[in-house]
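Asker: As they're listed, the protein sequences go chains A and B.
Quick note on our numbering: the first sequence kicks off at 1270 and runs consecutively.
Quick note on our numbering: the second sequence kicks off at 146 and runs consecutively.
A single structure is presented below for examination.
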Amino acid sequence: MDSGKTPQYWKSWEEGPGAADLVQISTDEFPEPLDRPAEQFSRRSFLKAAGFTAAVAAAGIGCSRAPVEKAIPYLIQPEEIVPGVSYFYATTCGGCPAACGVLAKNRDGRPIKLEGNPQHPVSRGGLCAVGQASLLELYDSHRCKEPQREGKPATWEEVDRQITAQLALYRNAGSPVRFLSGTISSPTLNAEIRKFLAQFRDARHIVYDGLSSSAILDAHKDTHGERLLPHYRFDHADVIVSFDADFLGTWISPVEFSRDYAAGRRLDAYPPRMSYHAQFESRMSVTGAKADRRIRVSPQELGDVMVRLAGRLAHLAGAAFPLSVGATDQPLDASLDDLAHRLWQARGRSLVLCGSQDIRLQVLVNFINDVLGNYGSSLDLERPSQQKAGNDRELQALLEELRDGKIAALFLHGVNPVYDLPNGDALAEQIRKVPLVVSFAGRLDETSALARFVCPDHHSLESWGDAEPVRGTISLFQPAIHPLSNTRAVLESLAIWGGQPKAAYDILRDYWRENVFPQRKSDTDFQTFWDRAVEAGYAEAPSAAPKPGHFRAATLQAVPKPARAGGEFSVVLYPKVAMLDGRHAENPWLQELPDPISKVTWDNYACVSPAAAQRLGLKDGDVVRLEADSGKGSAAALELPVYVQPGQHDQVIAVALGYGRKATERFASAGPKWLFGGPDVGEDGRIGKNAAPMLILAGGSLQYVHDGVRLTKTGRRHALASTQTHHSLTMPQNVPLVGGEHREIVRETTVSALLAEAGKPSPAPPGKNGLWPADHPYNGHRWAMAIDLTACTGCSGCVVACQAENNIPVVGKDEVLRHREMHWMRIDRYYSGDADVDVVQQPMVCQQCDNAPCETVCPVVATVHSAEGLNQQIYNRCVGTRYCANNCPYKVRRFNWFNYVRNDRLQNLALNPDVTVRSRGVMEKCSFCVQRIEAARIESRRRGKPIADGQIQTACQQSCSSQAIVFGDLNDPNSRIARMARDPRRFGVLEEFNFRPAVNYLAVVRNRDYADRTSKEGQNHG
Amino acid sequence: MNEKVVTIVLIVGLLFSLAVLAVQASSWHLPGNQQGYEPAQPIAFSHRLHAGEMQIACLYCHSGAEASRHAGIPPAGTCMNCHKFVSAPLGALRAEDELAKRENRKPRQVVSPEIQKIYDALALDGHLVRDPQKTEQAIVWTRIYRLPDFVYFNHSAHVSVGVACQQCHGPVETMDRVRQVPDLTMGWCVNCHRTASASGVASKPVQPSIDCSTCHY
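If you want it as structure tokens, here you go:
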């Protein structure tokens, strides 16, 4: 393992090459400045006084009875339900159009956790942070509780009568009716919308996505004759080249792609596989952080680089290439030669993608994939993806109609155009002028607040429905709970207004009987087919495949050479893994989730490269004003705090979309209220700033790059709640070790180094001598975890899964600033290198050490070792000395400084009844999901069968889309965990101190030579 | 502030409180210990009659104990399995029969007031048919055996290895009104776990864990 050159790791620009304050920061007990008030009544005498009071109170309580508790049984108990037992219902995630399969864990009539459905053909068991958190939105007390008419509560009868009457007028007059929605892949809902719109002479359904992939579809219309989104198959690709597509983070279907990507990089598989991944990008994305070769290019250069790569490939293939590849002897030539060579070697088994919204670039990518023969293998056009269907050209046409005031009725479903399109204010005015606006939004957002009628749809966990993420694979939604308030499915609303009222379940079932069932040749009985589909959560129903034509080279268009306009920066607008386009902005779990790269919570910010920051004298938190020229789009200005982002292009400012929603004003009371508490929201009362005004909707696509932006300093500061330097692992170099040497906290190696070492015995973990006697015999089970850092992308699905499973509170921005976030799981992100940084993600949970430093210092024995290797934290015994957290070398213990906000009784329904809700003054930490271990043990005893390997899955493991986490019994030599613990890549963090952690890490493997790292090519050009 | 004054005031307060408490010393117990708790229930259901005289198995009504954390209180539907046919004690029925014979009339239907409460809860009319005029009303029992929220006791784990119900709940089959028999303290739990690992349960060896996380998580 030592043959790979070990780089120097650092966590933030301040402690990295940026400055030399590292030692100071990491050795101070409190990194933030302290201001203690002068004491009059000393802490000591206060405690004395408190002691008396407590003694009297305790004696008094002794004579009182506990409050009377009632127990209310069912009157008639449903046959399939036993109170206290969890049931799983297969349904589909409604968090985004990717439509991953989920199992809703139901307990006593309410869903309490979503788990990925391992059988689902799209997601295959993974679930992202948004999916995990979508559970909380079910229990949101801010959801619309009934239909609204002109902002006032109304009844469904009233709303239906008025809408039907008005629609009848439009039907007779032939007035234009428009249905604007996000991507709807539901065949039933699409059919219902078609049926509804068919009654009008001038009616159209327009689809757009806040995070648009419209250019890919348009490009395929040009090159292959059909407007399609290919189904990308990363598991079929040995060489992956991505141009600004963040496919592991936010692009189209990240859960599915992460799973497939990890399948192509499995060193423990037989034969071992390791794909080669090159990423060209301007900002640091989750995907770029995983790349074997990451090259910074500005958005303007992207086209030029692609043309040159395409030219090389055309040359290798002997195909005609009509575009000029430019002069030789340019920067990146060697890299492009190498890449073209690799791609050509892997033709038919490679994949080239582009996240740009420039149709010319997408056509170019299609050309490259066609030359490489990837269509039919790693790009499937016969069963295309339907996860993005937006059509920005039609959106533009609709906006023109709105501007001209031509539209009579506008229906809005799953979109918030006033918020997420440029010129939202003007659009709001135009929407106000439309005579009939009906919104199906479940919450009052920027757009639905303007609607004359709000007809709230159910939450996805309350409704029947379907989705067809990939043609031929139909995923089913089934309700896991009765609707919590007086909402109504869109299917039902449309059926009523169409004059044929019908329940959503019947509409769905009838559609399946008439359209899906006939596709199934093997089934003879619809009821059997339907029951099986509901049980599995999906059905495969091969439908008529599209017949795309062959690539037409004539469609290639010249790409303009990079030319810098007016200002000095380009603003790149990107989605964050948690916030996406802002639809989940009201979800506190997602707001508090640290971004996988920047680790900032509760804010968006202007990412600038370290070089640019140095040149302009900017530091993290300096508020800058970004002004866009009015030339192309409209004039737009944004004031945002700066975040110095290593690995970003020097001429690019990256700003996250999805922030500054009006609804985030609710988070003003997100954290605990106390004397020294600070604000949890920004100065304008919201979380972050809306960057949508910087978007450009022109030329038939919604573009996320705004050139010519001027940056000016405002002199103000805005604190960013970044967790990146919280709970740092540090090893003072002066600590003597028992016969060991200081080792790196993360390790990485290369494929070639690993192959060279194959067959050699792996280095044994450090010796067993130490202070502690061998008092843990582990006669039964011995629980342990392994985390494959090669597979981990840092996507943070596990963090939210853990939060949902273990009742972890939200603390609010002010508390995060005080280093008091409560996540049991944090993902440490380390950089290495200078300008072209590498990133390593390391999930850090309680290591359940055999020789746990926390256990020896607890004065009340509230943290003790179990006979199965767990480091138990006993809340009822804890008195909150915090000695354990001080002594924990991994900094994974969290202290309840407050009784965190749980005022929302509805939201408390999401609590897991199998885990104690901790109160103030108690320490807590990762328990290896001991409630799941105990449940499995009881179940195994009940059935008289031993616990099988893989039967217990921790919440983080269950959620991991790339299967990086494995949990099991180390005492079973055939278990997966035991095999991983014998892997030559295995290492333990801080093992040299003889803590003997139960979490085994497998080193990061990169598919490259370390010579690549030192190459200066690719830096600072353009 | 003068600390001495504060200290003296507090000591005086403490002594006063102790004096007050000494008067009530007989009812003193540890906080949370509800041993002997015997509250009145909404229906005067007698375990002595049902489990004792009639010998109905505990699990017939508390079927959750086999499968779930909670033994559960039976739903009213379970009561109706028998009380569809039994609406009053046998003695009351016989007395009505005799009275009817004496008065030379057909015997009237006799419903005991306690069983009537089940019919009311289920909104049933005199012929035990659902009466649309009435609304169903849940039966709100008072919970007796209660553990703090940070303790996870699982009935099925104990029932499946053969621990008898009476071992924890006492001679319920002799009680007209159920009373909490054990003190439900942690020492009581752990002692049993210790003895059981030495002597087994129902003459079978068991390995009850005494790790904290067996019950606390």
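Every residue gets a Cβ at the ideal spot worked out from N, C-alpha and C, and that includes glycine.
Please read these numbers as outputs of a predicted model, since none were measured by experiment.
Counting along the chain, where does the alpha helix (DSSP H) carrying residue 1584 (chain A) start and finish?
Answerer: 1568 to 1586
Asker: Buried or exposed: residue 1292 (chain A), going by 16 or more other Cβ atoms within 10 Å of its Cβ?
Answerer: Confidence at residue 1292 (chain A) is low in this model, with a pLDDT of 43, below 50, so the placement of that residue is unreliable and no value is reported for it.
Asker: Using a Cβ-Cβ cut-off of less than 7 Å, list which residues of the stretch 1341 to 1356 of chain A approach chain B; keep chain order.
Answerer: 1341, 1342, 1343, 1344, 1345, 1346, 1351, 1352, 1353 and 1354
Asker: Look up residue 2238 (chain A) in the DSSP assignment and give the residues it is bridged to.
Answerer: A:2052
Asker: Go to residue 246 (chain B), then tell me how far its alpha helix (DSSP H) extends in each direction, as first and last residue.
Answerer: First-last of the alpha helix (DSSP H) with residue 246 (chain B): 235 to 248.
Asker: Terminal residues of the continuous beta strand (DSSP E) containing residue 1623 (chain A)?
Answerer: Counted as a single uninterrupted DSSP element, the beta strand (DSSP E) harbouring residue 1623 (chain A) occupies residues 1619 to 1623.
Asker: Taking the CB atoms as reference points, tell me whether residue 2146 (chain A) and residue 2153 (chain A) lie closer together than 7 Å.
Answerer: no
Asker: Quick one: using the 10 Å Cβ neighbour count with 16 as the cut-off for buried, is residue 1223 (chain A) buried or exposed?
Answerer: The structure shown has nothing for residue 1223 (chain A), since chain A only spans 1270 to 2291.
Asker: In this structure, how does DSSP classify residue 1492 (chain A) when only helix, strand and coil are distinguished?
Answerer: helix
Asker: Buried or exposed for residue 1426 (chain A), going by 16 or more other Cβ atoms inside 10 Å?
Answerer: With fewer than 16 other Cβ atoms within 10 Å, it is exposed.
Asker: Using a Cβ-Cβ cut-off of 7 Å, state whether residue 1212 (chain A) counts as contacting chain B.
Answerer: Residue 1212 (chain A) lies beyond the residue range present for chain A, which begins at 1270 and ends at 2291; the question has no answer from this structure.
Asker: Since residue 1338 (chain A) meets chain B, which of its residues come closer than 8 Å, beta carbon to beta carbon?
Answerer: Ordered by position in chain B, the residues that pass the 8 Å Cβ test against residue 1338 (chain A) are 287, 288 and 291.
Asker: How should residue 2215 (chain A) be labelled, buried or exposed, when 16 other C-beta atoms within 10 angstroms of its C-beta is the threshold for buried?
Answerer: exposed
Asker: Thinking just about the alpha-carbon of each residue, which of A:1868, A:1402, A:1470 and A:1441 is nearest to the one in residue 2111 (chain A)?
Answerer: A:1868
Asker: For the stretch 2075 to 2153 of chain A, list the alpha helix (DSSP H) runs that are entirely contained and at least 4 residues long, ordered along the chain.
Answerer: 2082 to 2086 and 2122 to 2126
Asker: By how many angstroms is the C-alpha of residue 221 (chain B) removed from the C-alpha of residue 206 (chain B)?
Answerer: 10 Å
Asker: Within a Cβ cutoff of 6 Å, which residues of the same chain sit near residue 2054 (chain A), ignoring the five residues on either side of it in sequence?
Answerer: 2236 and 2268
Asker: Can you list, in chain order, the residues of its chain whose CB lies under 8 Å from that of residue 1443 (chain A), leaving out five sequence neighbours each side?
Answerer: 1469, 1470 and 1471
Asker: Quick one: using the 10 Å Cβ neighbour count with 16 as the cut-off for buried, is residue 1526 (chain A) buried or exposed?
Answerer: So residue 1526 (chain A) ends up on the buried side.
Asker: Does the separation of the CB atoms of residue 2083 (chain A) and residue 2213 (chain A) fall below 7 Å?
Answerer: no
Asker: Quick check on residue 1292 (chain A): does DSSP put it in helix, strand or coil?
Answerer: Since pLDDT at residue 1292 (chain A) reaches only 43, below the 50 mark, its modelled position is unreliable, and no value is offered.
Asker: Straight-line CA distance for residue 248 (chain B) to residue 240 (chain B)?
Answerer: 12 Å
Asker: Whole-angstrom Cβ separation of residue 1845 (chain A) and residue 1925 (chain A), contact assumed at under 8 Å?
Answerer: 5 Å
Asker: Under three-state DSSP, which class holds residue 1943 (chain A)?
Answerer: coil
Asker: Taking residue 1231 (chain A) as the reference, give the member of A:1463, A:1706 and A:2179 with the closest Cα.
Answerer: A question about residue 1231 (chain A) goes unanswered here, because the residues of chain A that appear run from 1270 up to 2291.
Asker: Between A:2136, A:1752, A:1961 and A:1938, which lies nearest to residue 1950 (chain A) when the distance is taken from Cα to Cα?
Answerer: A:1938
Asker: Let me see if you follow: with CB-CB separation under 7 Å, is residue 348 (chain B) close to chain A or not?
Answerer: no
Asker: Hey, how far is the Cα of residue 2132 (chain A) from the Cα of residue 2143 (chain A)?
Answerer: 6 Å
Asker: Along chain B, which residues have their Cβ under 8 Å away from the Cβ of residue 2183 (chain A)?
Answerer: Result: 297 and 362.
Asker: Suppose you measure from the CA of residue 1290 (chain A) to the CA of residue 2135 (chain A); what does that come to, to the nearest Å?
Answerer: Because residue 1290 (chain A) sits at a pLDDT of 44, beneath the cut-off of 50, its placement in the model cannot be relied upon, and the point is left open.
Asker: What separation, rounded to the nearest whole angstrom, lies between the Cα atoms of residue 1882 (chain A) and residue 1913 (chain A)?
Answerer: 7 Å
Asker: Please tell me whether residue 281 (chain B) has its Cβ less than 7 Å away from any Cβ of chain A.
Answerer: It does; some Cβ of chain A falls within 7 Å.
Asker: Answer with buried or exposed for residue 203 (chain B), where buried requires no fewer than 16 other C-beta atoms within 10 angstroms of its C-beta.
Answerer: buried
Asker: Nearest chain A C-beta to residue 267 (chain B) closer than 7 Å, yes or no?
Answerer: Chain A contact via Cβ: present.
Asker: Quick check on this structure: which residue in A:1531, A:2070 and A:1432 has the alpha carbon closest to the alpha carbon of residue 1504 (chain A)?
Answerer: A:1531
Asker: Run down chain B in chain order and give the residues with a C-beta less than 7 Å from the C-beta of residue 1454 (chain A).
Answerer: Here the premise fails: no neighbours, minimum Cβ distance about 38 Å.
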